[in-house]
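Asker:
Numbering (this note's numbering), first residue to last: 5 to 410.
1. Taking all protein chains shown into account, decide if residue 22 is buried (16 or more other Cβ within 10 angstroms of its Cβ) or exposed.
2. Under the criterion of a Cβ to heavy atom distance below 7 Å, does residue 112 qualify as lining the ligand HEM?
3. Within this structure, are the beta carbons of residue 131 and residue 335 separated by less than 8 Å?
4. Kindly identify the DSSP beta-bridge partner or partners of residue 184.
5. With distances taken from CA atoms, which of 140, 251, 237 is nearest residue 381?
6. Quick check: the Cα distance between residue 88 and residue 159, rounded to an integer number of angstroms?
7. Within 10 Å of its beta-carbon, does residue 56 have 16 or more other beta-carbons around it, so buried, or fewer, so exposed?
8. Whether or not the segment 139-151 and the segment 173-181 are in contact is what I'm after, with contact meaning three or more pairs of Cβ atoms, one per stretch, closer than 8 Å; do they touch?
9. With a cut-off of 8 Å on the beta carbons, I'd call residue 325 and residue 264 a contact; round off their distance for me.
10. Which of the three DSSP states, helix, strand or coil, is assigned to residue 139?
11. Going by C-alpha to C-alpha distance, which of 106, 226, 120, 152 sits closest to residue 138?
12. Looking at the structure shown, is residue 158 part of a helix, part of a strand, or coil, going by DSSP?
13. For residue 362 and residue 330, what's the separation of their Cα atoms in angstroms?
14. Quick check for students: name the residue ranges of the beta strand (DSSP E) that lie wholly in the segment 90-143, counting only runs of 3 or more.
15. What is the DSSP secondary structure of residue 179, reduced to helix, strand or coil?
16. Do you know offhand how far residue 371's Cα is from residue 61's?
17. Could you give the DSSP three-state label for residue 44: helix, strand or coil?
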């Protein structure tokens with residue numbers, strides 16, 4: 005964990021101090037203007053609109069993922085000992101399970117997101133959990149079925165408690181056992197990670213949206229579209245965009261994962277590597293989110309190479325990149341309600357332009373940081389512009405038939 009290193013802990017304290025100065029300044033200004041202490045959480049309420057509906061959708065997906073794949077494996081392993089056609093049985097099970105997955109982990113969360121008027125944060129909860137349950141259930145079946153198919157009577161299916169633990173622990177690769185810590189540090193979870201840092205991240209996000217993003221983009225429709233205005237709007241969003249980048253990394257990949265790891269005594273805390281030292285985009289992609297990268301490497305990259313006999317490694321890497329890009333764009337499209345593939349274009353274009361020049365060294369690391377920060381700023385700026393364009397220019401006739409190009 006980052007904060008177990010003294011130097012990173014100091015950097016963390018510096019960022020917290022800077023945040024406190026910004027927040028204190030704005031609270032003082034608002035208090036002078038309004039004559040009272042102003043703590044506005046309206047954006048937070050809007051973002052988590054229909055949160056109970058999102059939690060209900062999560063509960064339905066969780067119950068389905070908990071019982072259906074596990075029971076399907078139990079039934080399949082029991083019938084496998086008696087059938088004369090194991091391949092036919094396996095294909096039948098896979099087809100039935102795919103249909104169930106398409107209904108419960110495919111169309112159901114999409115219906116909830118589209119037709120239940122959820123806020124952006126509530127939508128992201130449903131979408132992230134949808135993808136997580138799909139990846140978890142695939143890993144469980146992918147790791148459990150081949151040994152049962154080859155050994156048959158020699159081994160038994162995994163226990164339900166093992167599968168249930170896997171659904172909550174911060175990894176996407178199923179194993180029958182994981183390294184475990186001897187005890188839970190409840191004071192670490194309660195006072196150091198969970199309560200103060202969760203609330204701080206929520207308030208900071210509310211703060212940068214209210215005082216930096218909305219004032220910068222809400223009135224752009226009143227100005228003529230020129231290159232100067234476009235460039236100014238992009239660079240004016242540098243502070244909130246970069247702040248959001250670091251906050252997402254720290255909250256989702258460090259704080260949030262460590263909370264569940266600590267509660268479940270999960271000892272493998274390799275959620276990310278030193279991506280800040282990357283000298284190539286390929287290294288950055290492998291280091292930024294190790295949890296997702298391990299899943300893509302094991303079940304997409306390696307399986308694709310196995311299918312084609314170990315050839316075309318570049319093609320396997322392209323398949324991994326495209327699949328990751330599709331799911332990222334799916335989440336952003338369903339969250340915001342419009343299709344705008346800025347992220348895919350930025351990373352694809354930037355990676356193609358700089359991949360040949362990447363060697364180890366401080367200059368290359370600087371280039372990576374410039375591309376990363378500039379790409380984040382452009383991404384946030386263009387998405388904010390598109391969002392407020394939809395706010396100020398809504399469709400005259402809102403159709404109940406959802407389209408990605410609306």
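We put the CB at the ideal spot given by N, CA and C, even for glycine. Owing to the predicted nature of the structure, the values given are computational and were not obtained by experimental measurement.
Answerer: Taking the coordinates as given:
1. exposed
2. Of the ligands one can find in the structure shown there are none, so the ligand HEM has no counterpart to examine.
3. yes
4. 270
5. 237
6. 19 Å
7. exposed
8. yes
9. Residue 325 to residue 264, Cβ: 28 Å. No contact.
10. helix
11. 106
12. helix
13. Note on residue 362: pLDDT 49, under 50, position unreliable in the model; no value is reported.
14. none
15. coil
16. 42 Å
17. coil
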